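Presented below is the structure to which this report refers.
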Amino acid sequence: MRQAIVLHLAALPALLSGMACSGPVHPQVHADFIAGIRHGATVTVMPAVVRRGAGQSHDEHAARRIAASLQRAGVNARAGGARVTVGEWHVNEARMARESAAALATYVGERPTGTRYALASEYLITSKGQVGGVHAYVVRDDGAVAAILIQNSHHPLFQAARPATPEDCTELVIAAIEKNWITP
Numbered sequence: 005m006r007q008a009i010v011l012h013l014a015a016l017p018a019l020l021s022g023m024a025c026s027g028p029v030h031p032q033v034h035a036d037f038i039a040g041i042r043h044g045a046t047v048t049v050m051p052a053v054v055r056r057g058a059g060q061s062h063d064e065h066a067a068r069r070i071a072a073s074l075q076r077a078g079v080n081a082r083a084g085g086a087r088v089t090v091g092e093w094h095v096n097e098a099r100m101a102r103e104s105a106a107a108l109a110t111y112v113g114e115r116p117t118g119t120r121y122a123l124a125s126e127y128l129i130t131s132k133g134q135v136g137g138v139h140a141y142v143v144r145d146d147g148a149v150a151a152i153l154i155q156n157s158h159h160p161l162f163q164a165a166r167p168a169t170p171e172d173c174t175e176l177v178i179a180a181i182e183k184n185w186i187t188p
């Protein structure tokens with residue numbers, strides 16, 4: 005049991021940086037993204053997708069808050085008005101994350117943002133009204149997935165934040181971006 009826990013914790017940095025869960029992030033694309041945002045690459049922050057079971061709504065205010073946070077960190081970011089529709093709710097959160105990142109990539113391919121990267125966040129609210137997970141995705145302008153962040157009850161940032169509202173989820177996304185992409 006102890007060995008399994010150590011192995012699980014050892015995988016945490018890769019999961020947080022978007023290179024685990026057999027995900028679609030190529031290490032070089034991710035490295036280029038991290039270097040790019042530190043050297044002037046442009047980022048459009050899309051409205052957050054708030055999922056409540058099968059329903060979806062969008063939070064434009066979250067996009068403005070995340071973009072403002074990135075700007076304060078020196079990233080050339082702006083909030084975008086486009087609303088991305090993601091796939092179905094699944095029991096498998098990693099699958100949902102991959103599918104949502106792919107939906108963002110498809111969206112950007114069909115409707116270019118005019119920036120090098122597009123970022124979308126996703127908040128999973130259970131049928132009981134609890135936050136079950138918080139995700140963020142970045143895709144390059146050519147549709148390549150550059151980063152995926154997954155936060156849920158297994159992650160220290162999520163545990164510390166104890167998000168209960170979409171606003172709390174936005175703050176968690178900002179903290180996870182800072183920790184994993186701005187000052188890793």
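End of the sequence shown sits at 188 in our numbering; the numbers just go up one at a time, nothing left out.
Positions of the beta carbon are idealized from the N, C-alpha and C atoms, including for glycine.
No experiment lies behind these values; they were computed from the predicted model shown.
Around the C-beta of H34, 16 or more other C-beta atoms lie within 10 Å, and the residue is accordingly described as buried. Here P167 has V135, C173, L176 as same chain residues with Cβ atoms under 6 Å from its own Cβ, once five neighbours each way along the sequence are excluded.
G137 sits in a strand when the DSSP states are folded into three classes. The continuous beta strand (DSSP E) containing E126 extends over residues 121-129. Residues of the same chain with a CB within less than 8 Å of the CB of Y121, apart from the 5 flanking positions on each side, are F37, G40, I41, A45, T46, V47, T48, V142, V143, R144, D145, A150 in chain order.
Looking at L161, A66, P170, the one whose alpha-carbon comes closest to that of R56 is P170. Burial is judged here by how many other beta carbons sit within 10 angstroms of a residue's own beta carbon; T119 has at least 16 and is buried. In this chain, the alpha helix (DSSP H) harbouring V112 covers 97-114.
The bridge partners DSSP lists for Q155 are V138. In the three-state scheme derived from DSSP, where H, G and I count as helix and E and B as strand, H65 is classed as helix.
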